[in-house]
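Number of protein chains: 2
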Amino acid sequence: MIDRIDCSILKLLARNARLSLKELAAGISLSAPSTTERLRRLEERGTIRAYTIDVEPKQLGYAIQALVRVRPLPGRVQIVQKLIESTPEIVECDKVTGDDCFVARLFVRSMEHLDEVLESLAAEAATSSSIVKRQVIARRQPPMAPI
Amino acid sequence: MIDRIDCSILKLLARNARLSLKELAAGISLSAPSTTERLRRLEERGTIRAYTIDVEPKQLGYAIQALVRVRPLPGRVQIVQKLIESTPEIVECDKVTGDDCFVARLFVRSMEHLDEVLESLAAEAATSSSIVKRQVIARRQPPMAPI
DNA sequence: GCGTTTGGCCTAAGATAATTAGGTTTCTTG
DNA sequence: CAAGAAACCTAATTATCTTAGGCCAAACGC
Numbered sequence: 001m002i003d004r005i006d007c008s009i010l011k012l013l014a015r016n017a018r019l020s021l022k023e024l025a026a027g028i029s030l031s032a033p034s035t036t037e038r039l040r041r042l043e044e045r046g047t048i049r050a051y052t053i054d055v056e057p058k059q060l061g062y063a064i065q066a067l068v069r070v071r072p073l074p075g076r077v078q079i080v081q082k083l084i085e086s087t088p089e090i091v092e093c094d095k096v097t098g099d100d101c102f103v104a105r106l107f108v109r110s111m112e113h114l115d116e117v118l119e120s121l122a123a124e125a126a127t128s129s130s131i132v133k134r135q136v137i138a139r140r141q142p143p144m145a146p147i
Numbered sequence: 001m002i003d004r005i006d007c008s009i010l011k012l013l014a015r016n017a018r019l020s021l022k023e024l025a026a027g028i029s030l031s032a033p034s035t036t037e038r039l040r041r042l043e044e045r046g047t048i049r050a051y052t053i054d055v056e057p058k059q060l061g062y063a064i065q066a067l068v069r070v071r072p073l074p075g076r077v078q079i080v081q082k083l084i085e086s087t088p089e090i091v092e093c094d095k096v097t098g099d100d101c102f103v104a105r106l107f108v109r110s111m112e113h114l115d116e117v118l119e120s121l122a123a124e125a126a127t128s129s130s131i132v133k134r135q136v137i138a139r140r141q142p143p144m145a146p147i
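If you want it as structure tokens, here you go:
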């Protein structure tokens with residue numbers, strides 16, 4: 001499904017998604033039109049879901065990052081999910097196996113702000129929060145190999 | 001530190017980091033050269049940490065995504081951190097407050113593969129794994145407002 | 001086994017976009 | 001209030017991207 005060349009494209013774009021077509025083409029030793037066509041197919045097949053940026057949260061005023069495990073009260077799963085979705089401070093949330101139904105990552109300006117967000121969930125769910133002390137591994141790509 | 005225009009730039013690029021300079025300039029109603037200069041400063045100040053892509057893990061052969069809480073055995077924190085860093089299946093890891101010293105996200109091809117990765121940690125740490133059943137919120141940006 | 005089709009690549013030209021240079025306006029500051 | 005700096009602009013040059021058309025090799029049908 002994904003050959004060696006597609007793999008190189010993904011690696012190059014993961015490192016810098018704003019690479020010009022020319023640079024990208026040079027990186028994979030193909031012509032510009034062929035590279036365009038490869039890119040188009042990667043997008044079409046959904047391999048590349050999005051081109052995006054990684055923003056420094058502190059520069060946006062978010063001093064604190066936390067991981068929160070959320071256990072909805074019986075019968076409140078749907079409500080809690082809606083609540084989570086509509087909480088803009090939550091930047092990522094997974095529904096997982098186990099007692100902790102949801103695991104969310106959130107960005108807040110202060111401890112007070114964290115408390116505020118958690119309070120908004122308190123009526124519908126039990127939460128356990130962990131403050132991020134350090135990012136040991138910033139979001140990276142898993143090993144990419146031709147399939 | 002970040003004005004209304006920078007904010008718009010960040011929002012536009014978060015949605016599509018490959019927007020051409022011309023499109024970006026049109027989006028914020030500035031000329032192309034001014035837009036270039038704004039971008040340059042956002043990069044220089046570290047507000048934009050990286051331009052990257054969001055890849056569909058399934059298309060790379062990763063059928064399963066898991067969140068793992070890792071509690072190193074006494075005195076083994078450093079060793080475990082090294083181990084985590086050198087595990088390519090781990091795509092993200094945070095050092096957090098609380099008993100669970102690390103929280104990692106990993107991509108694996110199968111349950112056997114998951115077991116394999118966890119086994120490699122077993123000698124140095126206790127782990128609790130949760131399989132991701134559904135991404136309720138895919139990585140998004142927190143609210144952006146001028147600061 | 002051979003002609004045909006398809007997929008993927010190429011080059012080259014025309015169209016589009018990015019950069020550079022130089023000037024204008026506006027805000028800040030001595 | 002004048003000087004300087006910061007941020008913007010336009011226009012011309014330079015570079016890049018897209019389009020069109022053709023080549024080649026592997027897969028396919030007869």
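Residue numbers (this note's numbering), protein chains in the order written: chain A, 1 to 147; chain B, 1 to 147.
Beta carbons: idealized from backbone N, C-alpha and C, even for Gly.
Quick caveat, the model's predicted, so the values are computed rather than measured.
Straight-line gap, residue 120 of chain A to residue 89 of chain A (C-alpha atoms, nearest Å): 12 angstroms
Can you tell me where the beta strand (DSSP E) with residue 139 of chain B in it begins and where it stops? No beta strand (DSSP E) contains residue 139 of chain B, which DSSP labels as neither H nor E.
Within 8 angstroms, strictly: CB atoms of residue 93 of chain A and residue 71 of chain A: no
Quick one: does residue 63 of chain A have its CB under 8 angstroms from some CB of chain B? Residue 63 of chain A does not count as touching chain B.
Residue 133 of chain B: contacting residues in chain A (beta-carbon distance under 9 angstroms): The answer, in chain order, is 94, 95, 96 and 97.
Taking one C-beta from the segment 16-35 of chain A and one from the segment 110-124 of chain B each time, how about it: are there three or more such pairs within less than 8 angstroms? no
Figure out for me which residue from B/109, B/125, B/64 and B/27 has the closest Cα to the Cα of residue 97 of chain A. B/64
Minimum Cβ-Cβ distance from residue 127 of chain B to chain A less than 8 angstroms: no
Any idea what DSSP makes of residue 36 of chain A, helix, strand or coil? helix
Continuous beta strand (DSSP E) stretch holding residue 66 of chain A: start and end: 64-72
If you draw a straight line from the alpha carbon of residue 146 of chain B to that of residue 25 of chain B, how long is it in whole angstroms? When rounded, the distance between both Cα atoms is 19 angstroms.
Simplified DSSP state of residue 48 of chain B, which is helix, strand or coil: strand
Between B/103, B/113 and B/41, which has its C-alpha nearest residue 2 of chain B's C-alpha? B/41
So if DSSP puts residue 127 of chain B in a beta bridge, which residue, or which two residues, is it bridged to? Answer by DSSP bridge pairing, in chain order: B/70.
What do you reckon, are the CB atoms on residue 224 of chain B and residue 107 of chain B nearer than 8 angstroms? Residue 224 of chain B is absent from the structure shown; chain B starts at 1 and stops at 147.
So the alpha helix (DSSP H) residue 104 of chain A belongs to, where does it begin and stop? From DSSP, residue 104 of chain A is part of no alpha helix (DSSP H) but of the beta strand (DSSP E) over 102-108.
Would a check of beta-carbon distances place residue 130 of chain A closer than 8 angstroms to chain B? Closer than 8 angstroms: yes.
Quick check on this structure: which residue in B/48, B/114, B/56 and B/55 has the alpha carbon closest to the alpha carbon of residue 141 of chain B? Looking at the Cα atoms, B/48 is the closest of the given residues.
Considering Cα atoms alone, identify which of A/117, A/16, A/111 and A/60 is closest to residue 104 of chain A. A/117
Residue range of the unbroken beta strand (DSSP E) whose run includes residue 89 of chain A: Counting along the chain, residue 89 of chain A falls outside any beta strand (DSSP E), and DSSP gives it neither H nor E.
If you follow the alpha helix (DSSP H) that residue 121 of chain B is part of, which residue opens it and which one closes it? Per DSSP, the unbroken alpha helix (DSSP H) holding residue 121 of chain B starts and ends at 111-122.
Does any C-beta atom of chain A lie closer than 8 angstroms to the C-beta of residue 144 of chain B? yes
I need the DSSP call for residue 53 of chain A, collapsed to helix, strand or coil. strand
Hey, is residue 73 of chain A's beta-carbon within less than 8 angstroms of any beta-carbon in chain B? no
Nearest-angstrom Cα separation, counted from residue 58 of chain B out to residue 111 of chain B: 14 angstroms
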